[in-house]
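Going down the list, the protein sequences come from chains A and B. As numbered in this note's numbering, residues 29 to 452 make up the first sequence, in order. As numbered in this note's numbering, residues 29 to 452 make up the second sequence, in order. Glycine included, every Cβ here is placed at the ideal spot set by N, Cα and C. First the structure, in the form of structure tokens, and then the observations on it.
Protein chains: 2
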Amino acid sequence: MSLIVQKYGGSSVADAEGVKRVARRIVETKRAGHDVCVVVSAMGDSTDDLIDLANKVSPEPPARELDMLLTAGERISMAVLAMAIADLGMEARSFTGSQAGVITDAEHGRARILDVTPGRITQALADGHIAIVAGFQGVSQTTKDITTLGRGGSDTTATALAAALKADVCEIYTDVDGVFTADPRILPAARKLDVISCEEMLDLAANGSKILHLRCVEYARRYGIPLHVRSSWSRHPGTLILDDPYGEGSDMEAPIITGIAHDLSEAKITAVGVPDELGKAADIFTAIADAGVSIDMIVQNVSAGDTGRTDISFTLPQAEGTKALQALQALKSSIGFTELLYNDKIGKLSLIGAGMRTTPGISAKLFRALADASINIDLISTSEIRVSVVTRSDQLEAAVRAAHTAFGLDSTEGEAIVYGGTGR
Amino acid sequence: MSLIVQKYGGSSVADAEGVKRVARRIVETKRAGHDVCVVVSAMGDSTDDLIDLANKVSPEPPARELDMLLTAGERISMAVLAMAIADLGMEARSFTGSQAGVITDAEHGRARILDVTPGRITQALADGHIAIVAGFQGVSQTTKDITTLGRGGSDTTATALAAALKADVCEIYTDVDGVFTADPRILPAARKLDVISCEEMLDLAANGSKILHLRCVEYARRYGIPLHVRSSWSRHPGTLILDDPYGEGSDMEAPIITGIAHDLSEAKITAVGVPDELGKAADIFTAIADAGVSIDMIVQNVSAGDTGRTDISFTLPQAEGTKALQALQALKSSIGFTELLYNDKIGKLSLIGAGMRTTPGISAKLFRALADASINIDLISTSEIRVSVVTRSDQLEAAVRAAHTAFGLDSTEGEAIVYGGTGR
């Protein structure tokens, strides 16, 4: 008998039929002899509907009250899911984040989990019940107010609960079959991965893969919780995310390239004609940091000739572009650059693989593949297990395809991998 | 400066516009220098929508989970109301029943309040905030599960909170202008009452008046909380409900007749030919009580001649008719009655007034007025301050009109009282 934490996203419980389908799946797991704790998101688009309602009464609703409002979404889905399970003859108990002991800081809208004290969940499981926990929410340690965890919150709830309960596995149910070598929506030849390391998954998530949020994977790695990303629409095994699947005693060899992430949500800012003097880069990035903007890649070009000036480029989320431009524009004369360029028609491709550490020549092979496909590279950045390049946004898909083929990742089955669900 | 508890029902906050209107009203009260604690129901029909959702996944949802589900309704309305208040420049904090310290027993769907420990509300008021509390809900003392209070729950929450906070008044906002001498929907000549005693209001509520629930009035009387029933659509003062407005030191005289309640929700069961022996009535009403059916009026006819048999009639909620009939049918031979009659085409009229105690002849005058209007009386029951009669349901409105006129209750303004809102 195992203790299994299962997380179902909003698209899996979008309506009453979805709730019933998920309930059957949960009951099957329980009937197979396992203890089951379920984390559930709000039904379908209900969170958006609540945000619309909030905006009808206030253009900028207070964060505390917005959290109070939005947490109604999971309250509804978890209660309805518990009812659907009861209708199948099993006893289920729903618990809010607060009742489940999800203790957070007081940062409304993006609270961090400080502790999980799941006494009521442990008791419910000991009583033979299925425990249903509201994802995405907790309670502030200091103010006792209800908080939400922000993006990827329900996945994080599931992983944190799995850690606190010492679960054998945390299953993240979604509408794709698992983690793929590339996004199957743009590359039908992408292959599903059976196993991936937390480290690789973190790099995928940080570089545009939407399948799991960074925080959830970080949590799983820190507490050594095996994650299993799989489809709620099929019975196929999905992708196991393990702390160190290639470590000592493992018979698995780290693949050179595990997968390719792509990201169209970034923009590039270039400060042109920055005086090539000590401390100018520091000035620029201090201003950016002070504006609360997080940046990704940074490239400083070599000074052209003896002009004594250089260009500094960096990428950042498009949503923060205006803020960054304003912060820099205010310092134009003190820093002494001649102009600012802004480009949000860029795409980033990242090649990720733990085997890169011991295999030279990966970057060269990538650049060659892109050149052969007539794709120009704008920026480059590398880490131990990752090579990222920025291209024109309209060339990004072609870049993913070229790299996928060049590194032998294409499915050998000669057909598209079928992946279920709504494609969301 | 007073401490005022205000309760707004679902029809007052049916949509974003309603929420904003209520928010303005609350802010006005606060700006006038009062401390304000607001109790709010779920928006419009949202509770019904949640029940529909529950029924889509389970014909008989577990009561614990139904409570978890339904309490999402007030969570939404209170958070949105707090946002609307913030948008007007005032700080408001919303609190769930549990956070507000509404401690109940564990009877899901009809929990009783055991205690109110409003520490967080007191603190919020001390901080100068407007406190918004979810009506209708609490938390079980023993199981720590979320409970709902059942019908009239939000009014009861407001009164209980007012008692715990030692509020100066508890204002119940609704969509009529106050308590009327009769239901103005069927009797446009009904007059709004300025004052009524708790005792009279209890009798009105127990006999079909929907304006306040019995439990709420009981609570107000027990703790001496003045209730003020008024319209959220107008600025007119409504009806004050006071523990003893006619007592010593008051210059008010108790009116002989305060008002007329009517009720179409009851049915009558008659057991025909019950042997006129000791203990037969006890057998019948023990069976009814064991079936969990609450009864209202009981009439035992005098035995006709020397047949040694009698008829026993009683009224009960129509919704419990089948249950009562089944319980009695099972005892037909042991009790020895010849047949059971069931009639749900009945209506009850109740004349209520604290002055009845000291004024003889009220019943006679009522019976005369009804006879003059050709209305047949089926059953009669009386208490110290009430006379109730059962008529045919299709004659009930005419009976209310006749009695209202006979006792001089008709408005002297010669026109219908305007009452706002949707008439719900």
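- Residues of chain B whose Cβ lies closer than 7 Å to the Cβ of residue 107/A are, in chain order, 93, 96 and 97.
- Closer than 7 Å at the C-beta level to chain A, one finds these residues of the segment 31-52 of chain B: 44, 47 and 48.
- Between residue 262/A and the set 206/A, 231/A and 313/A, the nearest pair of CA atoms involves 206/A.
- Within the segment 276-297 of chain B, contact with chain A at the beta-carbon level (separation under 7 Å) is assigned to no residue.
- Annotation for residue 63/B: the continuous beta strand (DSSP E) segment containing it runs 63-68.
- Among the CB atoms of chain B, one or more fall inside 8 Å of the CB of residue 122/A.
- Counting only residues of its own chain and dropping the five nearest sequence neighbours on each side, residue 383/B has a CB closer than 6 Å to the CB of 282, 283 and 284.
- Pairing residue 50/A with residue 190/A gives a Cβ-Cβ distance that is not under 8 Å.
- For residue 346/A, the secondary structure class from DSSP, reduced to helix, strand or coil, is helix.
- Between residue 85/A and residue 161/A, the alpha-carbon positions lie close to 30 Å from each other.
- Proximity of chain B to residue 103/A at the Cβ level (cut-off 8 Å) is accounted for by 96, 97, 99, 100 and 103, in chain order.
- Residues of the segment 63-78 of chain B that bring their beta carbon within less than 8 Å of a beta carbon in chain A comprise 78, in sequence order.
- Chain-ordered, the chain B residues with CB closer than 8 Å to the CB of residue 114/A read 86, 89, 90 and 93.
- Remark: three or more beta-carbon pairs, one from each stretch, lie closer than 8 Å, so the segment 297-306 of chain B and the segment 366-383 of chain B are flagged as touching.
- Nearest CB-CB separation between residue 118/B and chain A: not below the 8 Å threshold.
- Sequence-ordered contacts of the segment 239-254 of chain A with chain B are nonexistent [C-beta pairs closer than 7 Å].
- In this structure, the CA atom of residue 70/A is about 4 Å from the CA atom of residue 102/A.
- Per the DSSP secondary-structure output, residue 321/A pairs with nothing in a beta bridge.
- Sorting 227/A, 155/A and 66/A by C-alpha distance to the C-alpha of residue 412/A places 227/A at the top.
- Between the alpha carbons of residue 224/B and residue 387/B lies a gap of roughly 18 Å.
- Rounded to whole angstroms, residue 165/A and residue 99/A show a C-alpha spacing of 7 Å.
- The alpha carbon of residue 29/A has as its nearest neighbour, out of 195/A, 317/A and 247/A, the alpha carbon of 195/A.
- In this structure the segment 177-187 of chain A does not lie against the segment 103-118 of chain A, because fewer than three pairs of beta carbons, one per stretch, are closer than 8 Å.
- Beyond the five residues adjoining it in sequence on each side, residue 346/B comes within less than 7 Å, by CB distance, of 293, 294, 295 and 372 in the same chain, given in chain order.
- The Cβ neighbour count for residue 392/A, taken over all protein chains shown within 10 Å, is under 16; the residue is labelled exposed.
- For residue 82/A, the chain B residues whose C-beta falls within less than 7 Å of its own C-beta are 108 and 111, listed in chain order.
- Minimum Cα-Cα distance from residue 426/B among the listed residues 140/B, 170/B and 397/B corresponds to 397/B.
- For residue 220/B and residue 335/B, the gap between their C-alpha atoms comes out near 51 Å.
- Contact between the segment 36-44 of chain B and the segment 198-212 of chain B is present: 3 or more CB-CB pairs across the two stretches fall below 8 Å.
- When secondary structure is reduced to three states using DSSP, residue 313/B falls in the helix class.
- The continuous stretches of alpha helix (DSSP H) do not include residue 256/A, which lies in the beta strand (DSSP E) extending over residues 255-259.
- Sequence-distant Cβ neighbours of residue 418/A in its own chain, meaning closer than 6 Å and more than five residues away, are 374, 376, 406 and 407.
- When the beta-carbon positions are compared, residue 344/B and residue 318/B stay at least 8 Å from each other.
- For residue 83/A, the uninterrupted alpha helix (DSSP H) segment begins and ends at 74-85.
- The beta carbon of residue 241/A sits closer than 7 Å to those of 179, 180, 183, 184 and 233, all from its chain and outside the five residues before and after it, given in chain order.
- Note on residue 111/A: 16 or more other CB atoms within 10 angstroms of its CB, so buried under the neighbour-count rule.
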